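S.K.: Input: one structure, supplied below.
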Amino acid sequence: MRNRHALPFSCLLVLSVLVTPFCASAQSTASWEVPDQCAAFDKLYHKMEAIDQEEDATLVVLYIGGSHVQAGWMGHGLRRELAAWAPNAQQSRGMMLPYRIAETNTPTHFRTEFTGAWQSHICTRNTAPLTQPSPIATGITVLPETDSNQDTHWIQHVGYFPDSSRVKSSELTLWTNATKNQWKWTGNSKLKAATPLPNMGGWHIELAQPADTFSIEFIPELGSNIWYAGMDASAPVSGPSYTVHEWGHNGLRASHINEIEGWEELLKTLRPDLIFIGMGLNDAMDGSHLNMEQFQSNYAKLTHVLRRSNAAIVLMTNTPVLRHKPAVTSASKAIKKFLRDHASAHDMGFWDMGMAVQRARNEASEGLDQWYKPDGIHFTEFGYTRISEVLFDAWTNGYTSWSNSIRP
1068 MRNRHALPFS
1078 CLLVLSVLVT
1088 PFCASAQSTA
1098 SWEVPDQCAA
1108 FDKLYHKMEA
1118 IDQEEDATLV
1128 VLYIGGSHVQ
1138 AGWMGHGLRR
1148 ELAAWAPNAQ
1158 QSRGMMLPYR
1168 IAETNTPTHF
1178 RTEFTGAWQS
1188 HICTRNTAPL
1198 TQPSPIATGI
1208 TVLPETDSNQ
1218 DTHWIQHVGY
1228 FPDSSRVKSS
1238 ELTLWTNATK
1248 NQWKWTGNSK
1258 LKAATPLPNM
1268 GGWHIELAQP
1278 ADTFSIEFIP
1288 ELGSNIWYAG
1298 MDASAPVSGP
1308 SYTVHEWGHN
1318 GLRASHINEI
1328 EGWEELLKTL
1338 RPDLIFIGMG
1348 LNDAMDGSHL
1358 NMEQFQSNYA
1368 KLTHVLRRSN
1378 AAIVLMTNTP
1388 VLRHKPAVTS
1398 ASKAIKKFLR
1408 DHASAHDMGF
1418 WDMGMAVQRA
1428 RNEASEGLDQ
1438 WYKPDGIHFT
1448 EFGYTRISEV
1458 LFDAWTNGYT
1468 SWSNSIRP
């Protein structure tokens, strides 16, 4: 186990390694813990430096969690801040998952338009297992219903960005078991080539020109068992670029995430430089009934797989629950202790997100009703947006400190 150091910041998250603690303001009292001499964090900051200097580099972030992630506001805010930080960098849309088809809320940065009747399977729902599970770990799969209808099963993922020309792509990955005669490309650029992925996992699509409309029509035979698990439009481009992937499912628990197959394949596709894990609040809601031993086992299985990606990994504690519930608070404290110890033992970063959010709220002039939804657990658009702004300020402060530390 390597030595660790804490860097003072007043924020939700901060990414920092191999730096000398800088002079902080009086409000900067929360600390971020990272391993010393960690190649993954060092690589992350070198990648940011290359983008800052407008070199040919792509920064990839993957955020894993529950409803905080699926809501999409933090990811949307982070993309907006990255666009301002690197105005000449291109932005890839990243993963597009079929949330709306599965009748669950859709992240704010894209919407899914579709036709036809579908069945859905989500990792957090109690549904019968798929007879042919997806080999990619998106956590969500939809299937066109073909037994009793001949509907047109069409899907179009629409991005909501200030400038859609910045999220065009000439390559994407389509996750489906449909054979070539069971789907057709209907986007706003002609299909150039479609190459099958290994293990019937989908298709690598090449387009004649970059497109900002990603559209597929499935042509299933009657009674066929076709599944669709989403698209990824984060193929490398020339020059500086960045991608923020959001892997979020409402109600996510540690037990859910380990029932999913295909994490290795997903990581090979996304190739993340940085992974945030914000999981544990739904488990903590069990209070005194939380099986801590089982939680630790499930969580450790996930990080074991993620560490093989060589990404910098940050373990984050739970956000505060507004209405005081002693049993939930006690469970969150137990989870926090495990996360800190687990991060320290395996060269991962640790961030006390709960403390950082609490302090950011205390320092703000807005009332709590603007930060939280009535349930006192989830945040409003305003709350998530404020957190994303604080997150990015801390991130760039950490990057600046690292940059200064390596200068002679």
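Just so you know, we're using this note's numbering here: the sequence shown kicks off at 1068 and counts up by one.
Virtual Cβ for every residue (Gly too), placed ideally from N, Cα, C.
Computed from a predicted structure; not experimentally measured.
#1: Taking the runs of the alpha helix (DSSP H) that are 4 residues or longer, which of them lie wholly in the segment 1370-1454?
#2: Using 8 Å for Cβ pairs, my map puts ALA1204 next to SER1187. What's the rounded Cβ distance?
#3: Using the beta-carbon count (16 or more within 10 Å), is HIS1220 buried or exposed?
#4: Give every residue of the same chain whose Cβ lies closer than 7 Å to the Cβ of PHE1459, excluding the five residues on either side of it in the sequence, and list them in chain order.
#5: Answer yes if the segment 1155-1164 comes into contact with the segment 1295-1313, meaning at least three C-beta pairs across the two stretches below 8 Å, and no otherwise.
#6: Select from VAL1225, THR1467, LEU1389 and PHE1449 the residue whose C-alpha is nearest the C-alpha of PRO1441.
#7: Please report how far the alpha carbon of GLN1361 lies from the alpha carbon of SER1308, in whole angstroms.
#8: With respect to the beta strand (DSSP E) encompassing TYR1112, which residues constitute its N-terminal and C-terminal limits?
#9: What does the Cβ neighbour count give for ASN1292, buried or exposed, with the cut at 16 atoms within 10 Å?
#10: Quick one: what's ALA1260 bridged to in DSSP?
#11: Which two residues bound the contiguous beta strand (DSSP E) that contains SER1322?
#12: Excluding five sequence neighbours on each side, which residues of the same chain lie with their C-beta closer than 6 Å to the C-beta of THR1280?
#13: Can you find the residues in the same chain that come closer than 6 Å, C-beta to C-beta, to SER1322, ignoring five residues on each side of it along the sequence?
#14: Quick one: using the 10 Å Cβ neighbour count with 16 as the cut-off for buried, is HIS1135 buried or exposed?
#15: Check the DSSP bridge columns for GLU1180 and list the partner residues they point to.
#16: Closest to ASP1419 by CA distance: which of ALA1379, ALA1412 and PHE1343 is it?
#17: In chain order, what residues of the same chain lie with their CB nearer than 6 Å to the CB of GLY1206, ignoring the 5 residues before and after it?
#18: So, with DSSP's three-state summary, where would you put TYR1130?
M.R.: The structure says:
#1: 1393-1412, 1420-1430 and 1435-1438
#2: Locating residue 1204 in the sequence shown gives position 137, where the first residue counts as 1. Locating residue 1187 in the sequence shown gives position 120, where the first residue counts as 1. Not really, about 16 Å apart at Cβ, beyond 8 Å.
#3: For the purposes of this step, residue 1220 is taken as the residue at position 153 of the sequence shown. HIS1220 comes out buried.
#4: Taking the first residue of the sequence shown as position 1, residue 1459 is located at position 392. Excluding positions up to five away in sequence, the list reads LEU1145 and GLU1148.
#5: yes
#6: In the sequence shown, counting from the first residue as 1, residue 1441 sits at position 374. When each option's Cα is compared against that of PRO1441, the closest is LEU1389.
#7: Locating residue 1361 in the sequence shown gives position 294, where the first residue counts as 1. Locating residue 1308 in the sequence shown gives position 241, where the first residue counts as 1. Approximately 39 Å between the Cα atoms of the pair.
#8: Position 45 of the sequence shown, counting from 1, holds the residue named residue 1112. Unbroken run through TYR1112 is the alpha helix (DSSP H), 1106-1119; no beta strand (DSSP E).
#9: Here residue 1292 is taken as the residue at index 225 of the sequence shown, counted from 1. Exposed, by the Cβ-count rule.
#10: Mapped onto the sequence shown, residue 1260 falls at position 193. Its beta-bridge partners are GLU1273.
#11: Sequence index remark: in the sequence shown, residue 1322 carries index 255 (1-based). Note, SER1322: premise wrong, no beta strand (DSSP E); alpha helix (DSSP H) at 1321-1324.
#12: Numbered from its first residue, the sequence shown carries residue 1280 at position 213. Taken in chain order, the residues that qualify are GLY1254 and ASN1255.
#13: To locate residue 1322, count along the sequence shown from 1; it is residue 255. So the list reads ASN1365, once near-sequence residues are dropped.
#14: In the sequence shown, residue 1135 corresponds to position 68, counting from 1. Buried: at least 16 other Cβ atoms inside 10 Å.
#15: To locate residue 1180, count along the sequence shown from 1; it is residue 113. Paired residue(s): GLN1223.
#16: Indexing the sequence shown from 1 puts residue 1419 at position 352. If we check each option's Cα against that of ASP1419, PHE1343 comes out closest.
#17: As a working note, residue 1206 is residue 139 in the sequence shown. Excluding positions up to five away in sequence, the list reads CYS1190, HIS1316 and ILE1327.
#18: Here residue 1130 corresponds to residue number 63 of the sequence shown, with the count starting at 1. In the structure shown, TYR1130 sits in a strand (DSSP, three-state: E or B).
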